[in-house]
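Engineer: Its first residue numbered 299, the sequence shown is counted upward by one per residue in my numbering. Here's a structure for you.
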Amino acid sequence: MSEDNLKVSVILPTYNRGNIISKCVKSVISQNYPNWELIISDDASSDDTNEICTSFDDHRIKYYRNEKNLGLPANRNRAIDKASGNVVLFTEDDMVLDGNCIDILLNTYKNLNENGIKVGAVSPALVSNSSERGKKRSILNYARRSKEEELSKTPCIIDKRTGLIYRNFSVDFKDLMKVDDCHSCSMYPIQIFDEVKYEEKAYMGSYTGEESDLHFRLTKKGFNLYFQPKAIMFHNVEDQGGCRLPLYSWTYYFMRNHIIFLKRNFGKKSFYMIPYFLLFILFVASNYYLGENK
Numbered sequence: 299m300s301e302d303n304l305k306v307s308v309i310l311p312t313y314n315r316g317n318i319i320s321k322c323v324k325s326v327i328s329q330n331y332p333n334w335e336l337i338i339s340d341d342a343s344s345d346d347t348n349e350i351c352t353s354f355d356d357h358r359i360k361y362y363r364n365e366k367n368l369g370l371p372a373n374r375n376r377a378i379d380k381a382s383g384n385v386v387l388f389t390e391d392d393m394v395l396d397g398n399c400i401d402i403l404l405n406t407y408k409n410l411n412e413n414g415i416k417v418g419a420v421s422p423a424l425v426s427n428s429s430e431r432g433k434k435r436s437i438l439n440y441a442r443r444s445k446e447e448e449l450s451k452t453p454c455i456i457d458k459r460t461g462l463i464y465r466n467f468s469v470d471f472k473d474l475m476k477v478d479d480c481h482s483c484s485m486y487p488i489q490i491f492d493e494v495k496y497e498e499k500a501y502m503g504s505y506t507g508e509e510s511d512l513h514f515r516l517t518k519k520g521f522n523l524y525f526q527p528k529a530i531m532f533h534n535v536e537d538q539g540g541c542r543l544p545l546y547s548w549t550y551y552f553m554r555n556h557i558i559f560l561k562r563n564f565g566k567k568s569f570y571m572i573p574y575f576l577l578f579i580l581f582v583a584s585n586y587y588l589g590e591n592k
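Right under this line is the structure:
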């Protein structure tokens with residue numbers, strides 16, 4: 299197949315989001331680039347996700363339902379195995395793609411590839427309908443205030459002491475940028491998944507860190523990561539379904555998963571990064587609850 303007509307496999311993992319998933323599916327159908335397939339991988343939803351997803355009359359939409367809940371990383375990997383495209387674009391059930399999103403990402407990938415760049419991923423801009431509701435997100439937003447000036451200049455910062463990754467994949471940026479990490483709704487050449495897959499056993503609960511783990515392994519193999527702010531996805535933040543957890547469960551898995559992430563990706567440095575991370579989280583939480591959140 300020529301570079302001008304690459305097939306895009308859009309992968310949509312989902313779990314108990316029947317109330318909103320149709321908006322995402324319709325936004326894929328409305329793309330101005332026509333050569334795509336949409337692989338919906340339902341992780342054993344107990345709501346009406348099945349009925350919603352099978353109601354669309356478009357041969358490019360392929361719906362699969364796992365017999366039991368596998369968890370997000372394994373669900374992603376199962377969907378990758380079913381992809382027949384030249385490139386893979388991950389989206390999520392609470393995302394809506396701008397009409398030009400696939401076209402812009404694909405042209406960016408092709409231009410980089412034609413210039414001999416070993417592309418690992420290209421991320422679109424994210425526009426959220428809220429500031430991420432709930433205390434857990436408020437605490438993280440409180441923590442990132444010290445990075446606001448830096449994040450106005452770059453979409454991704456990896457803290458050298460804690461390993462925490464701060465992101466601002468905003469439409470405020472105008473030009474294509476090379477980045478140290480991407481977000482989970484990115485476009486990848488299908489070939490990379492012959493070398494790396496999502497880690498299915500390391501990350502649990504909220505699965506925080508699983509996409510960064512994949513990206514770190516890609517960069518270690520010489521792949522480059524990019525952010526294309528002209529391509530846009532809209533994030534309709536939901537409090538239920540997906541990987542949403544109660545506050546205390548989310549906090550436990552956030553800390554657990556980040557410690558796993560540090561051990562897997564920073565080697566000996568993790569011996570001092572883990573205690574620094576724990577102290578930092580304690581400091582931030584204390585200041586948030588005793589100060590800002592009175």
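C-beta: ideal position from N, C-alpha, C; glycine also.
Count the other CB atoms within 10 Å of the CB of P487; is the residue buried (16 or more) or exposed (fewer)?
Structural biologist: Counted from its first residue, the sequence shown places residue 487 at position 189. With 16 or more other Cβ atoms within 10 Å, it is buried.
Engineer: Pull up the distance between the alpha-carbon of G432 and that of K416, whole angstroms please.
Structural biologist: Taking the sequence shown and counting its residues from 1, one reaches residue 432 at position 134. Taking the sequence shown and counting its residues from 1, one reaches residue 416 at position 118. Any reading at G432 must be qualified, since the residue scores a pLDDT of 47, below 50, and its modelled position is unreliable; the value itself is stated next. Near 39 Å, if we compare the C-alpha coordinates of K416 and G432.
Engineer: Please state whether DSSP places D340 in a helix, a strand or coil.
Structural biologist: Reading the sequence shown from its first residue, position 42 is the one you call residue 340. Strand.
Engineer: Does T267 come out as helix, strand or coil in the three-state DSSP assignment?
Structural biologist: Given that the chain is displayed from residue 299 to residue 592, the structure contains no residue 267 and the question cannot be resolved.
Engineer: For H556, report the span of its alpha helix (DSSP H) as first-last.
Structural biologist: Residue 556 sits at position 258 when you count from the first residue of the sequence shown. That run of the alpha helix (DSSP H) goes 545-564.
Engineer: Rounded to whole angstroms, what's the CA-CA distance from T355 to K324? Just pull it up for me.
Structural biologist: Working through the sequence shown from its first residue, we reach residue 355 at position 57. Working through the sequence shown from its first residue, we reach residue 324 at position 26. It is Asp, not Thr, that sits at residue 355 in the sequence shown. Rounded to whole angstroms, D355 to K324 spans 11 Å at the Cα level.
Engineer: Where do the ends of the alpha helix (DSSP H) carrying Y570 lie?
Structural biologist: By 1-based counting over the sequence shown, the position of residue 570 is 272. Looking at the DSSP string, the run of the alpha helix (DSSP H) that includes Y570 is 568-585.
Engineer: When you compare only the Cα positions, how much space is there between L523 and E508?
Structural biologist: The residue you call residue 523 lines up with position 225 of the sequence shown. The residue you call residue 508 lines up with position 210 of the sequence shown. Looking at the two C-alpha atoms, the distance is approximately 16 Å.
Engineer: Locate the beta strand (DSSP E) running through L310, then write down its first and last residues.
Structural biologist: For this step, residue 310 is matched to residue 12 along the sequence shown. Per DSSP, L310 belongs to the beta strand (DSSP E) from 306-312.
Engineer: Do P422 and M502 count as a contact pair if the criterion is CB distance below 8 Å?
Structural biologist: In the sequence shown, the residue the question calls residue 502 occupies position 204. In the sequence shown, the residue the question calls residue 422 occupies position 124. For M502 and P422, no; Cβs fall outside 8 Å.
Engineer: Just how far apart, CA to CA, sit R515 and S320?
Structural biologist: Here residue 515 is taken as the residue at index 217 of the sequence shown, counted from 1. Here residue 320 is taken as the residue at index 22 of the sequence shown, counted from 1. When rounded, the distance between both Cα atoms is 33 Å.
Engineer: From the DSSP output, which residues share a beta bridge with H269?
Structural biologist: With the chain represented from 299 up to 592, any question about residue 269 goes unanswered, as that position is not in the structure.
Engineer: Measuring alpha carbon to alpha carbon, tell me which residue in L410, A500, F491 is nearest K519.
Structural biologist: Working through the sequence shown from its first residue, we reach residue 519 at position 221. Looking at the Cα atoms, F491 is the closest of the given residues.
Engineer: Buried or exposed: where does H556 fall if 16 or more other Cβ atoms within 10 Å of its Cβ makes it buried?
Structural biologist: On the sequence shown, position 258 is the one that residue 556 refers to. When all chains shown are included, H556 counts as buried.
Engineer: So, under 8 Å CB-CB, L336 and R358 are touching, yes? Tell me the CB distance rounded to an integer number of Å.
Structural biologist: Walking along the sequence shown from the start, residue 336 turns up at place 38. Walking along the sequence shown from the start, residue 358 turns up at place 60. L336 to R358, Cβ: 6 Å. Contact.
Engineer: Roughly how many whole angstroms lie between the Cα atoms of Y361 and P332?
Structural biologist: What you label residue 361 is simply residue 63 of the sequence shown in a count that begins at 1. What you label residue 332 is simply residue 34 of the sequence shown in a count that begins at 1. Whole-angstrom Cα-Cα distance: 19 Å.
Engineer: Hey, could you find the ends of the beta strand (DSSP E) R290 is sitting in?
Structural biologist: In the structure as shown, the chain begins at 299 and stops at 592. Residue 290 is therefore absent and cannot be evaluated.
Engineer: Whether or not the stretch 491-500 and the stretch 440-458 are in contact is what I'm after, with contact meaning three or more pairs of Cβ atoms, one per stretch, closer than 8 Å; do they touch?
Structural biologist: No, because fewer than three Cβ pairs between the stretch 440-458 and the stretch 491-500 fall closer than 8 Å, the two stretches do not touch.
Engineer: Indicate the three-state DSSP secondary structure (helix, strand or coil) for L523 in the structure shown.
Structural biologist: Looking up residue 523 in the sequence shown gives position 225. L523: strand per DSSP, three-state reduction.
Engineer: Report buried or exposed for P573, applying the criterion of at least 16 other Cβ atoms within 10 angstroms of its Cβ.
Structural biologist: Here residue 573 refers to the residue found at position 275 when the sequence shown is read from its first residue. By the 10 Å Cβ count, P573 comes out exposed.
Engineer: Could you pull out every residue in the same chain whose Cβ sits closer than 6 Å to the Cβ of K305, ignoring the five residues on either side in sequence?
Structural biologist: If you number the sequence shown from 1, residue 305 lands on position 7. Excluding positions up to five away in sequence, the list reads N333, G383, N384.
Engineer: Is it buried or exposed for E412, if we count other Cβ within 10 angstroms and need 16 for buried?
Structural biologist: One-based indexing of the sequence shown puts residue 412 at position 114. The residue is exposed, with fewer than 16 neighbouring Cβ atoms inside 10 Å.
Engineer: Which whole-angstrom value describes the C-beta separation of D479 and S510, a residue pair presumed to lie in contact below a C-beta threshold of 8 Å?
Structural biologist: Counting from 1 along the sequence shown, the entry for residue 479 is found at position 181. Counting from 1 along the sequence shown, the entry for residue 510 is found at position 212. Indeed, because the Cβ distance is near 5 Å, the residues count as touching under 8 Å.
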